[in-house]
Amino acid sequence: MFGLGWPEIVIIAVVVLLIFGPKKIPEFGAALGKTLRGFKEEINQDDQEIEDSDEKMR
């Protein structure tokens, strides 16, 4: 995972926790989840449009 080991991930998590506090972390997680979900839906929609256009050309 990007060349990071467990010690580095733990240090990053502690720093994030210290900077943002425990109350903001779930909000960031929810926002990240929504963003990734929307991104995935757009990619799937684009793939579907490409498949549909390929079928029309046949």
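At position 19 of the sequence shown the residue is numbered 30 (this note's numbering), and the sequence of numbers has no breaks.
Backbone N, C-alpha and C define an ideal beta-carbon position, used for all residues, glycine too.
In this text the structure is predicted, and so the values were computed from the model without any measurement.
For residue i, three-class secondary structure by DSSP
| i | result |
| --- | --- |
| PRO33 | coil |
| LEU15 | coil |
Cβ-Cβ distance between residue i and residue j below 9 angstroms
| i | j | result |
| --- | --- | --- |
| LEU75 | ILE36 | It is not possible to answer for residue 75, since the shown part of the chain is limited to 12 through 69. |
For residue j and residue i, believed in contact at Cβ under 8 angstroms, the rounded distance
| i | j | result |
| --- | --- | --- |
| PHE39 | PHE50 | Rounded, the Cβ-Cβ distance is 16 angstroms, inconsistent with contact. |
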